[in-house]
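So the structure is just underneath, and the comments pick up after that.
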Amino acid sequence: MNLPDYLRCVEIKELLLKMGIHSIPDLKPVVFEREVSSTKTVEIQNPQLAFAEKLKLEAVALDQVDVAIGKDGIIEVNGIKACAYIKKQKQGVNRYNKTSTYRYHLCKCQTIEGMIASGRKDRYVSTTRSDGTFPVIDQSVYPACEIEVTLELCKNCKILLESKGMMPKPYSLKVFFDRFQPEIPSKIRKTEQVIVKEPYAPNHREIADRYKEQANFICQICGVDGSSKRFCIHLHHKDGDGNNNNNSNLSVLCTDCHSKQPHHPHMLKNPTFVMQIQEIKILRREQGIPQLG
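1 is the number of the first residue of the sequence shown in UniProt numbering; add one for each residue after it.
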């Protein structure tokens, strides 16, 4: 014959609490935080540095970069002053002298204006290589092959540069870039959105929900599991002050145990609470928690 475990009996647990033999352990404090979006300014490595090095070493297609004309009229590629020229050359390449009749451009001359207006950027490449030698593809032979040749500055670009006082004498691309290429900062400041956690003042419902979740919706006195009837689990303020939400002043109780706390007999006059108490008694029977009444 299996006898009931009266140490689990609701009334005995209540008696032990009143005698001070048992006590309800304090709930752990709950931190109320929420995620908010915040703007943050950070320093990052300037991506222009890597691109500037790439421009020195190779020719980059104009249709793959951001091409603009600076305030001084000089061609800029991703914000870097650069020259532009046609890489695939159908004629004019002298393979023996390594020269070409094609020209490179630095300014918004008539040729570059025409290129922009006609949307033919795909024919041009850009570079900041400063030795005056340019890789081109000679299409006058079959099969076409790449060769490095010397190109001269476009005559119209030369006239424009002289008019702006930007034609150093003696002229070379190296002197031009050394003099007129702005220094690229190694770091730049970037604004980005970050998600941070910040504390906030919760309302009573949030406080009750979080502490009941912490207790797994189990009454701290009788031990009934109210997770299937969560409305029957309450947050009790021991000192009767509903604004005192210190964790040591709180306990998670079922409706029945809550109604038996000091100064709470009014709960038995509320039909909603009476119904919840009946639900709790059913749960106790289902969970094998003995009751004398």
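Backbone N, C-alpha and C define an ideal beta-carbon position, used for all residues, glycine too.
Check, Outcome
"Limits of the unbroken beta strand (DSSP E) element including PRO135", "133-138"
"Reduced DSSP secondary structure (H/G/I, E/B, other) of residue 297", "Residue 297 falls outside the range modelled here, since the chain spans only 1 to 293, and no answer is possible."
"Ordered list of beta strand (DSSP E) runs contained in the stretch 144-185, each at least 3 residues", "145-153"
"ARG179 versus ASN94: straight-line alpha-carbon distance, rounded", "31 Å"
"Rounded C-alpha distance that separates LYS229 from ASN243", "26 Å"
"Boundaries of the beta strand (DSSP E) in which LEU283 is found, first to last residue", "Not the beta strand (DSSP E): LEU283 falls in the alpha helix (DSSP H), residues 271-286."
"Coil, strand or helix - LYS190 by DSSP", "strand"
"DSSP three-state assignment for THR128, whether helix, strand or coil", "coil"
"Cα-Cα separation between GLN276 and GLU35, rounded to whole angstroms", "36 Å"
"Other residues of its chain near LEU283: CB distance less than 6 Å, five sequence neighbours each side excluded", "VAL224"
"Within 7 Å, strictly: CB atoms of ALA208 and LEU235", "yes"
"Option nearest LEU250 by Cα separation, candidates SER227, ASP256, PHE273 and CYS219", "CYS219"
"Closest residue to THR39 among ILE195, VAL274 and ASN245 (Cα-Cα distance)", "ILE195"
"DSSP three-state assignment for TYR211, whether helix, strand or coil", "helix"
"Beta-carbon contacts of PRO168 that lie in its chain and below 8 Å, excluding the five residues immediately before and after", "VAL175, PHE176 and ARG179"
"Whole-angstrom distance between LEU27 and residue 296, CA atom to CA atom", "The requested residue 296 does not occur in the structure, where the chain is confined to residues 1 to 293."
"Residues sharing a beta bridge with ILE84, DSSP", "Reading off the sequence, residue 84 comes out as Ala, not Ile. Partner(s): HIS105 and SER126."
"Residue burial classification, THR150 (beta-carbon count within 10 angstroms, cutoff 16)", "exposed"
"8 Å contact criterion, which TYR85 and TYR142 should meet: CB distance rounded", "At roughly 23 Å, the Cβ-Cβ gap does not stay under 8 Å, so TYR85 and TYR142 are not in contact."
"HIS237 in three-state terms, based on DSSP", "strand"
"Span of the alpha helix (DSSP H) around GLN48", "47-57"
"Bridge-paired residues (DSSP) for VAL67", "VAL77"
"MET115 - containing alpha helix (DSSP H), residue span", "110-118"
"Candidates SER140, GLN261, LYS158 and SER163: closest to TYR171 by CA position", "LYS158"
"Outcome for HIS258 when other beta-carbon atoms lying within 10 angstroms are tallied against a minimum of 16", "buried"
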